[in-house]
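Chemist: Chains as they are written, first to last, in the working numbering: chain V, 144 to 482; chain E, 144 to 482.
Sending over a structure as structure tokens; questions will come in a sec.
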């Protein structure tokens, strides 16, 4: 059995998303070897599952209504985190009671608590938040997406190595192509840190390095892994989501505004747009692993819906099944970084 | 008459884009009060205009074939820049021979040479590269887009003030809403520099400050000006262009793959997609002003086509007509920044 600890109180909607998410997962994915340990307000959770029976194996750990809010500063959140569903669900994996934990809660607090309780793999300078982004030819892994707002060359070098391991599992690629995000492709472009990172990755023969890539290369399928600092990665990811949403909305309005195009839409394009929406539905790419920790810790988007949370659970399951932590350890090779 | 100096040799295609761009401008925009001073290989330019008569007023300054390549480091480029079309066209505005200069050449070299020859407005810490981005409700100005890879709080504060002036002219907004790009909207989020910038802008009552905005807010129309450092701005702009292009391409393929949707497309959606393409055609937003210089200096995208270069010229004209430099000076108010 694979045991997944669920922080049921996390995210904008809390239980209203996480519990339906568990049910949605059980309907959508192979789950007969999955056991959920659900952390949160016991009575509410019991009540929900009584009204909405889940075709899954689960146990409930009552942590009451104590939660970490989304706006709390990590430092402050940690002080008062004991007993919260987030803290206890992370502790479950650190204690070996569960194989992975999934939460939609405060990203900063989740990251810091995970590092404290689960610990960082020896040699890892900073764990990173990685996620899948849809591209023209398939999908790409981008990291970091917000765990580290500033990064040294050594950290970025490690993100490249760890990103390779993530792509091998989540994208099923044998020798993932790695790109380093910059404002130009020439070696002279960008910051001094990126220049040094470029050299570090270039000198590592185990990495299939394409060199510097630009913003437009993230979605054109030219690389499997995009390496960047957490600030840039976070802003870029949201920019891409926003612009894709915008295009869809404008197309919708344009179509409505014209009777012929409305007919055309009903005639054959409805399906096209549904495929499109499915392709780019952030929910179907939800579930960002913290890369570099001693256990599988997956972050679900705070505003993700049921299906999104279900996909985050599936990501956690996939990572456990493929010995994610071992893969990351192996990817690091000889430790040659500096803090 | 408004005199526009043209660096005809700049950009990926050089004369093959800039000269048709001038002609395209003369066809598309009111140009009877515009005079072009075209810098480049005189014989080639004469030959082109002999074969492709331009309905415009122009003079040619022969700078031969000497150019600054796109990959040259600014420092090195500057040493050998004397006599190039870029150098001489910038000098034209600095000498008062022209009101504005437009180039598609090496951005770094163009920036440095412009600062050297044209000079920075007193009190401006660092000029910024600003540009227009299509949004749900219209357009927004984002700056910096690559002139400053790292920025202090004081620089970003000035970008906010100068961005307001740009939005008032190019977006025709009376009191533009300003957003500061970050990885979250709460004051506690992001870097220490962004926190200090947040406070500086908040304390300035002349600025209509919305606070921190995230990547998805760039295109959702919630702000008129997006303030960010040049690294983030450049990567984000290209990410947005790339993802929009991707959506269009996938839709096209989806439509082709289905006979009913092909009929639907021909029936009424072709127009929709053409409007869409027009809306998001980077060419129709090409022309990024260097904000904070003593003259109007406009950067055209290196890979822009004729129409794009024409639009960059139009941007320069619009800025000259609206006393851009004066507006920037007024926007700065009392100088209170530090290098």
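Ideal Cβ positions, reconstructed from N, Cα and C, are used throughout, including at glycine.
Small disclaimer: the values here were computed from a predicted structure and weren't measured.
1. Is residue 385(V) close to chain E? Criterion is C-beta to C-beta, closer than 8 Å.
2. Between residue 393(V) and residue 187(E), what straight-line distance do the alpha-carbon atoms span, to the nearest angstrom?
3. In the DSSP assignment, find the beta strand (DSSP E) that holds residue 182(E) and state where it starts and stops.
4. For chain E, is any of its Cβ atoms less than 8 Å away from the one on residue 275(V)?
5. May I have the straight-line CA-CA distance separating residue 471(E) from residue 288(V), to the nearest angstrom?
6. According to a CB-to-CB cut-off of less than 8 Å, which residues of the region 377–403 of chain V neighbour chain E?
7. List, in chain order, every chain V residue whose beta-carbon is nearer than 8 Å to that of residue 333(E).
8. Just to check my reading of the structure: residue 155(V) and residue 445(V) have Cβ atoms closer than 8 Å, yes? What is that Cβ distance to the nearest angstrom?
9. For residue 286(E), return the contacting residues in chain V, with the cut-off set at a CB-CB distance below 9 Å.
10. On a Cα-Cα basis, can you pick out the residue from 148(V), 396(V), 437(V) and 440(V) that is closest to residue 557(V)?
11. Anyone know if the C-beta pair for residue 234(E) and residue 260(E) falls short of 8 Å?
12. I want to see whether chain V comes within less than 8 Å of residue 448(E), judged by CB atoms only; does it?
13. For residue 285(E), name the three-state secondary structure that DSSP assigns.
14. Using a Cβ cut-off of 8 Å, pull out every chain B residue sitting near residue 279(V), in sequence order please.
15. Residues of the region 161–190 of chain V with a CB closer than 9 Å to any CB of chain E: list them in chain order, please.
16. At a Cβ threshold of 8 Å, is residue 258(V) touching chain E?
17. Give every residue of the same chain whose Cβ lies closer than 7 Å to the Cβ of residue 220(V), excluding the five residues on either side of it in the sequence, and list them in chain order.
18. Closest to residue 160(E) by CA distance: which of 461(E), 466(E) and 443(E) is it?
19. Within 10 angstroms of the Cβ of residue 265(E), are there 16 or more other Cβ atoms? Answer buried if so, exposed if not.
20. Going by the DSSP bridge assignment, what does residue 272(E) pair with across the sheet?
21. Looking at the secondary structure, which residues open and close the beta strand (DSSP E) in which residue 353(E) lies?
22. What residues from the region 355–368 of chain E come within 8 Å of chain V, judged by C-beta to C-beta, listed N to C?
23. Under the DSSP definition of a beta bridge, which residues are partnered with residue 201(E)?
24. Relative to the C-alpha of residue 347(E), which candidate in 476(E), 217(E) and 227(E) has its C-alpha closest?
25. Can you tell which of 177(V), 215(V) and 428(V) has its C-alpha closest to the C-alpha of residue 115(V)?
26. By DSSP, does residue 321(E) sit in helix, in strand, or in coil?
27. Under 8 Å between the Cβ atoms of residue 113(V) and residue 440(V)?
28. By the DSSP assignment, the beta strand (DSSP E) with residue 370(V) in it spans what residues?
29. With a CB to CB cut of under 8 Å and the five nearest residues on each side skipped, what residues in its chain are close to residue 461(E)?
30. Starting from residue 442(V), trace the beta strand (DSSP E) in both directions and tell me its first and last residue.
31. With H, G and I counted as helix, E and B as strand and the rest as coil, what does DSSP make of residue 243(V)?
32. When the cut-off is 8 Å and only beta carbons count, does residue 205(V) lie next to chain E?
33. For residue 178(E) versus residue 201(E), is the C-beta spacing smaller than 8 Å?
34. DSSP three-state label for residue 456(V), please.
35. Near residue 145(V), what residues of its chain come up, given a Cβ to Cβ distance below 8 Å and the 5 sequence neighbours on each side ignored?
36. Is the CB of residue 289(E) under 8 Å away from at least one CB in chain V?
Modeler: Quick answer:
1. Proximity of residue 385(V) to chain E, defined by a Cβ-Cβ separation below 8 Å, is satisfied.
2. Cα-Cα distance, rounded: 44 Å.
3. Element bounds for residue 182(E): 177–183.
4. Not one chain E Cβ lies under 8 Å of residue 275(V).
5. Going by the C-alpha atoms only, they are around 35 Å apart.
6. So the list reads 377, 378, 379, 380, 381, 382, 383, 384, 385, 386, 387, 388, 389, 390, 391, 392, 393, 394, 397, 398, 401, 402 and 403, given in the order they occur along the chain.
7. Result: 292 and 374.
8. Taking 8 Å as the upper bound for CB-CB distance, residue 155(V) and residue 445(V) are in contact here, some 5 Å apart.
9. Those within 9 Å of residue 286(E) in chain V number zero; the least Cβ separation is about 14 Å.
10. This structure does not reach residue 557(V), given that chain V is present from 144 up to 482, and the question cannot be answered.
11. A contact, by the Cβ cut-off of 8 Å.
12. Under the Cβ distance rule, residue 448(E) does not count among the residues neighbouring chain V, no pair being separated by less than 8 Å.
13. In this structure, residue 285(E) counts as strand in the three-state DSSP scheme.
14. Absent from the structure is chain B; the protein chains it does hold are V and E.
15. Contact residues of the region 161–190 of chain V toward chain E are absent (C-beta to C-beta distance below 9 Å).
16. By the rule that beta-carbons nearer than 8 Å mark a contact, residue 258(V) does not touch chain E.
17. Cβ neighbours of residue 220(V) beyond the five flanking positions: 211, 249 and 252.
18. The shortest C-alpha separation from residue 160(E) is found at 443(E).
19. Exposed is the call here.
20. Beta-bridge partners assigned by DSSP to residue 272(E): 433(E).
21. Residue 353(E): member of the beta strand (DSSP E) spanning 351–356, first to last residue.
22. Per Cβ criterion, the list reads 357, 358, 359, 360, 361, 362 and 363.
23. In the DSSP output, where bridge partners are listed per residue, residue 201(E) has 179(E).
24. Comparing alpha carbon positions, the residue from 476(E), 217(E) and 227(E) closest to residue 347(E) is 476(E).
25. The structure shown has nothing for residue 115(V), since chain V only spans 144 to 482.
26. In this structure, residue 321(E) counts as strand in the three-state DSSP scheme.
27. Given that chain V is displayed from residue 144 to residue 482, the structure contains no residue 113(V) and the question cannot be resolved.
28. Here the beta strand (DSSP E) through residue 370(V) covers 368–370.
29. For residue 461(E), where only same-chain residues beyond five positions count, the Cβ hits under 8 Å are 312 and 313.
30. Counting along the chain, the unbroken beta strand (DSSP E) around residue 442(V) starts and ends at 439–442.
31. Three-state result, residue 243(V): strand.
32. The beta carbon of residue 205(V) sits no closer than 8 Å to any beta carbon of chain E.
33. Contact annotation: residue 178(E) and residue 201(E) have beta-carbon atoms nearer than 8 Å.
34. In the structure shown, residue 456(V) sits in a helix (DSSP, three-state: H, G or I).
35. Leaving aside the five residues that flank residue 145(V) on each side, the residues in its chain whose CB is nearer than 8 Å to its CB run, in chain order, 176, 177, 178, 242, 243, 460, 463 and 464.
36. Yes, residue 289(E) lies at the interface with chain V (some Cβ there is under 8 Å from its Cβ).
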